[in-house]
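Taken in order, these protein sequences are the chains called W and R.
1 is the number of the first residue of the first sequence in the working numbering; add one for each residue after it.
1001 is the number of the first residue of the second sequence in the working numbering; add one for each residue after it.
Where a beta carbon is used, it is the ideal one built from N, C-alpha and C, also for glycine.
Quick caveat: nothing in here was measured; it's all calculated off a predicted structure.
To start, the structure itself, in structure tokens.
2 protein chains.
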Amino acid sequence: MSQRRNIFYAQSGGVTAVINATACGVIETARAQPERIGTVFAGRNGIVGALREELIDTNLESAETIAALRHTPGGAFGSIRYKLRSVEESAAEYQRLIEVFKAHDIGTFIYNGGGDSMDTANKVSQVAQSMEYPLVCVGVPKTVDNDLPVTDNSPGFGSVAKYVAISTLEAGIDIASMPQTKVFILEVMGRHAGWIAAAGGLAGKDRSQPPHMILFPEVTFDEDRFVDQVRANVERYGTCVVVASEGIRRADGSFVAESGTKDAFGHAQLGGVAPHLAEIVRGRLGYKFHWAVADYLQRAARHIASAVDVEQAYAMGKAAVEMALAGIHGRMPIIVRLADEPYRWEVGQADLAQVANVEKTLPPEYISDDGYAITEACRRYLAPLIVGEDYPPYDAGLPAYASLRKVLAPPMLPAWEG
Amino acid sequence: MSQRRNIFYAQSGGVTAVINATACGVIETARAQPERIGTVFAGRNGIVGALREELIDTNLESAETIAALRHTPGGAFGSIRYKLRSVEESAAEYQRLIEVFKAHDIGTFIYNGGGDSMDTANKVSQVAQSMEYPLVCVGVPKTVDNDLPVTDNSPGFGSVAKYVAISTLEAGIDIASMPQTKVFILEVMGRHAGWIAAAGGLAGKDRSQPPHMILFPEVTFDEDRFVDQVRANVERYGTCVVVASEGIRRADGSFVAESGTKDAFGHAQLGGVAPHLAEIVRGRLGYKFHWAVADYLQRAARHIASAVDVEQAYAMGKAAVEMALAGIHGRMPIIVRLADEPYRWEVGQADLAQVANVEKTLPPEYISDDGYAITEACRRYLAPLIVGEDYPPYDAGLPAYASLRKVLAPPMLPAWEG
């Protein structure tokens, strides 16, 4: 085995506006160390690219293209929701991974994802050790939901937070100028964690300004209380702007709106809370309403990404490579907050096992007593994460996003029969 | 009556990202002619502000605030959907308008709206003449739907077109990186006209790129053909991104999704096409899907307004005042296209009667033979309208939008009993 070994980098789960900025950080940092690192291979469609031996050779992409990843949304190499089970249950898959890594002289596995992916990275790390294959496994945090523990925040969240805050501000100004429309409901992502919904709260200085209400998944949805609060806001402020998390549940634990399908991890696919709430408003209050569901638009909105988020996403990728070079194993870089205002942060580290499969929801002290607003403590936490505009370049009115060649490395092994 | 008479300016109907840029053009142009124009009064909530004698004195707003209107979405003075009927049916209302105008020495009425508003402006003009009240009535075009005739395009459209094109591009990149999700549906505004949906087509260079399909209100929705086309796209390209107009109808003329309520003009309130189409995809194809409904977000998205649109919106307001000073009556400024590339345009004029109550839908030559895409001719028309980014200033991560004092002029007449 040569000293100058290769890196395998994979993107996992739902993509973000800045996961490619992390990829950019990984690849540019690796390219700056040609004497110590060979090629960065990226998994085509994430970890499945390793199982299928579909390794994108990033050396065949120009420096300009790699630099453009920093301002390109989506997952440039493809991302998949694919959960490896326990080492015992999925033994063949883990073994295949190590075989592919061996065939391509992979010395470092960098897995860029959420809690599920950190769990996988941790297991791959254990299997490599038990198979006595020298492999440094490094996780890199990524999730719009901001539900990873230990790290102060997750790359991807700041940009969706900025998008949701701006959209709430703009829709709030729009409805304020239309006295006939009383209620506007914006449905946002976040699953079980109310971080994204909370970010909508940054649009207003206090509860007299939109959003007049936030519906958090951490707070049980009570239809009667909701109706009373909407009415009270309309009577007091003339309108009621509601930011509703897709993940709100009734007292019996059921989601207010499930789309009825489940993803590969068995999580219910959510969506449709806003029209459901609008129906309640129509039926019980008779107000004229509008509603929006941002869905992918919110997490793909690179055109209005947070500069802080882009910088942190890049820094996480850079730190992952530096940790690998230092032989730091089974860990991930995290964001450590040093001060709220002026905001200061640094790169820290955490064990993958600390991060795996733990969901960090909004703490009670970030939610107002009545459950419909953010507190000042929450505002202090959120505010720095949306600061700064990192605009992409434009061509003829549209963002000029990167387009990759995505050439696969020649396969060395028989096809995978998984 | 003094020589130096006042202007009454009102915003009407659905607001846009740039209608305040038109207001800025009106007020700044009037302020530059202090020897010829007195005060610009703005109707609180549009024409209803005149009926109720609620006239916002824009002289009490600072020059900085008026300048900031140029980058502020929504309708700063309030906008209402309120249709005056025929001169015979609504005689008392027309008479009241003229009385209020007389009480406040209004010599010019500038009405900023869509086709319904141009009809109202035209009628007010006729009533003033028949009452021998000297009043110059000027319309100013505004509509995100771009459905006004005569003018090459309407201020407000270019910015929503840019938002929809960028959102389609970004969501298309997102779904392309998620191989498990096959279909993404973005619902956009436009009512009976497919201009906004067509703008989504700018996101891709050809039909292999998102959007793979556009559903226009000008094309009858056929569920079987839709299902076949979605399947064909998924099989060919791996995914199918659909931009769907809220106004699509079945062969029997019914809207695919009506929300069940009607606005003040008797138009059905639309919304909910995307989840309806998603249900069809689930039921008949079983593909994993996502959908988004942009609703107000698309027309309030001043953060990504088209620079061409902002410039034209301002120019329309400026031209309206200049026309009034020249005594040009019963007309409106329009945008005249001189060349596609490089794009050149100038301000023209049209009679209000030409514009009133005529909806300009997408011409057949702008829609592909199969009804699911835009043609090159359409692309040539649309492309220049989204060019340039006119970013608002930011403060702490959020756009710094104007906030007005909105002080009403002291009333001179008894309250309106309308």
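Residue burial classification, residue i (beta-carbon count within 10 angstroms, cutoff 16)
i: Ile316 (chain W); result: According to the sequence displayed, residue 316 (chain W) carries Met and not Ile. Answer is buried; the Cβ neighbour count reaches 16.
i: Gly1194 (chain R); result: buried
i: Ser125 (chain W); result: buried
i: Asp1228 (chain R); result: exposed
i: Asp390 (chain W); result: buried
i: Ala1350 (chain R); result: buried
i: Gln1095 (chain R); result: exposed
i: Asn427 (chain W); result: Residue 427 (chain W) lies beyond the stretch modelled for chain W, which goes from 1 to 418, so this question has no answer here.
i: Met131 (chain W); result: exposed
i: Met1001 (chain R); result: Unreliable positioning characterises Met1001 (chain R) in this predicted model, as indicated by a pLDDT of 39, which lies under 50. A coordinate reading is not provided.
i: Glu218 (chain W); result: buried
i: Asp295 (chain W); result: buried
i: Met1118 (chain R); result: buried
i: Asn1357 (chain R); result: exposed
i: Ala63 (chain W); result: exposed
i: Pro414 (chain W); result: exposed
i: Ala448 (chain W); result: As displayed, chain W neither begins before 1 nor continues past 418, which places residue 448 (chain W) out of reach and without an answer.
i: Leu382 (chain W); result: buried
DSSP three-state assignment for residue i, whether helix, strand or coil
i: Gln1003 (chain R); result: coil
i: Asp1351 (chain R); result: strand
i: Asn112 (chain W); result: strand
i: Val1138 (chain R); result: strand
i: His290 (chain W); result: strand
i: Pro333 (chain W); result: strand
i: Asp263 (chain W); result: Low confidence applies to Asp263 (chain W): its pLDDT is 48, below 50, so where it sits in the model is not reliable enough to give any reading.
i: Val407 (chain W); result: coil
i: Arg1052 (chain R); result: coil
i: Gly424 (chain W); result: Given a span of 1 to 418 for chain W in the structure shown, any question on residue 424 (chain W) remains unanswerable.
i: Phe221 (chain W); result: coil
i: Glu35 (chain W); result: coil
i: Phe1216 (chain R); result: coil
i: Asp57 (chain W); result: strand
i: Asp1206 (chain R); result: coil
i: Ala251 (chain W); result: coil
i: Val256 (chain W); result: coil
Beta bridge counterpart(s) of residue i as assigned by DSSP
i: Leu398 (chain W); result: W:Asp395
i: Gln1312 (chain R); result: Gln1312 (chain R) pairs with nothing; no bridge assigned.
i: Gln11 (chain W); result: W:Ser79, W:Asn112
i: Cys1240 (chain R); result: R:Val1183
i: Ser1306 (chain R); result: R:Glu1389
i: Glu346 (chain W); result: W:Val336
i: Ala1042 (chain R); result: R:Tyr1009, R:Ile1056
i: Ile1367 (chain R); result: R:Ile1374
**OP:** Report yes or no: do the stretch 1174 to 1187 of chain R and the stretch 74 to 81 of chain W share at least 3 C-beta pairs separated by less than 8 Å?
**Re:** Yes: the two stretches touch, three or more of their Cβ pairs being nearer than 8 Å.
Subject >> Residues of the stretch 1158 to 1191 of chain R whose Cβ lies closer than 8 Å to any Cβ of chain W, in chain order >> reply: Of all residues in the stretch 1158 to 1191 of chain R, Lys1162, Ala1165, Ile1166, Ser1167, Leu1169, Glu1170, Ala1171, Ile1173, Asp1174, Ile1175, Ala1176, Ser1177, Met1178, Pro1179, Gln1180, Phe1184, Leu1186 have a Cβ within less than 8 Å of some Cβ in chain W.
Subject >> contact_flag[the stretch 304 to 315 of chain W, the stretch 204 to 214 of chain W] where n(CB pairs < 8 Å) is 3 or more >> reply: Segments in contact, no.
Original post:
At a Cβ cut of 9 Å, what residues of the stretch 364 to 393 of chain W count as close to chain R, listed as they run along the chain?
Top reply: Those residues of the stretch 364 to 393 of chain W that come within reach of chain R (Cβ to Cβ, closer than 9 Å) are Ala383, Pro384, Leu385, Ile386, Val387, Gly388, Glu389, Tyr391.
Subject >> Segment contact flag, the stretch 1327 to 1334 of chain R with the stretch 1086 to 1093 of chain R, C-beta cutoff 8 Å, min 3 pairs >> reply: Too few Cβ pairs lie closer than 8 Å, so no.
Subject >> Near-chain W residues of the stretch 1007 to 1034 of chain R - C-beta to any C-beta below 7 Å >> reply: The stretch 1007 to 1034 of chain R vs chain W, Cβ under 7 Å: Val1015.
Original post:
Using 8 Å as the threshold, is the stretch 228 to 248 of chain W in touch with the stretch 400 to 417 of chain W, meaning 3 or more CB pairs across them?
Top reply: The answer is no - the stretch 400 to 417 of chain W does not touch the stretch 228 to 248 of chain W, with fewer than three Cβ pairs under 8 Å.
Subject >> Stretch pair the stretch 278 to 292 of chain W + the stretch 1282 to 1291 of chain R: three plus CB contacts closer than 8 Å >> reply: Judged by pairs of C-beta atoms under 8 Å, the stretch 278 to 292 of chain W does not touch the stretch 1282 to 1291 of chain R, as fewer than three such pairs exist.
Original post:
Does the count of Cβ pairs from the stretch 1018 to 1030 of chain R and the stretch 1317 to 1325 of chain R closer than 8 Å reach three?
Top reply: Touching, per the Cβ criterion.
Subject >> contact_flag[the stretch 99 to 115 of chain W, the stretch 135 to 146 of chain W] where n(CB pairs < 8 Å) is 3 or more >> reply: Because the criterion of three Cβ pairs below 8 Å is met, the stretch 99 to 115 of chain W and the stretch 135 to 146 of chain W touch.
Subject >> Contact list for the stretch 1096 to 1111 of chain R against chain W, Cβ threshold 8 Å >> reply: Hits within the stretch: zero.
Subject >> Positions along the stretch 1067 to 1097 of chain R whose CB lies within less than 8 Å of some CB in chain W >> reply: Answer in chain order: Thr1072, Pro1073, Gly1074, Gly1075, Ala1076, Phe1077, Gly1078, Ser1079, Ile1080, Arg1081.
Original post:
Is the stretch 1035 to 1050 of chain R in contact with the stretch 1011 to 1018 of chain R, if contact means three or more CB pairs nearer than 8 Å?
Top reply: Below 8 Å, enough C-beta pairs join the stretch 1035 to 1050 of chain R and the stretch 1011 to 1018 of chain R to call them touching: three or more.
Original post:
Would you call the stretch 1361 to 1372 of chain R and the stretch 1149 to 1158 of chain R in contact, with 3 or more CB pairs under 8 Å?
Top reply: No, because fewer than three Cβ pairs between the stretch 1361 to 1372 of chain R and the stretch 1149 to 1158 of chain R fall closer than 8 Å, the two stretches do not touch.
Original post:
For the stretch 1285 to 1299 of chain R, which residues have a CB atom closer than 9 Å to at least one CB atom of chain W, in sequence order?
Top reply: If the cut-off is 9 Å between Cβ atoms, the stretch 1285 to 1299 of chain R has Lys1288, Phe1289, His1290, Trp1291, Ala1292, Val1293, Ala1294, Asp1295, Tyr1296, Leu1297, Gln1298, Arg1299 near chain W.
Original post:
Do three or more CB pairs link the stretch 375 to 395 of chain W to the stretch 51 to 66 of chain W at distances below 8 Å?
Top reply: No, the stretch 375 to 395 of chain W does not touch the stretch 51 to 66 of chain W.
Subject >> Within 8 Å of chain W by C-beta, residues of the stretch 1041 to 1052 of chain R in sequence order >> reply: Listed in sequence order: Asn1045.
Original post:
Closer than 8 Å, Cβ to any Cβ of chain R: which residues of the stretch 393 to 417 of chain W, in chain order?
Top reply: Among the residues of the stretch 393 to 417 of chain W, those with a Cβ less than 8 Å away from any Cβ of chain R are Tyr394, Ala396, Gly397, Leu398, Pro399, Tyr401, in the order of the chain.
Subject >> Positions along the stretch 1112 to 1139 of chain R whose CB lies within less than 7 Å of some CB in chain W >> reply: So nothing in the stretch comes that close.
Original post:
Can you list, in chain order, the residues of the stretch 1334 to 1348 of chain R whose Cβ is nearer than 7 Å to any Cβ on chain W?
Top reply: For the stretch 1334 to 1348 of chain R, the set of residues with a beta-carbon nearer than 7 Å to any beta-carbon of chain W is empty.
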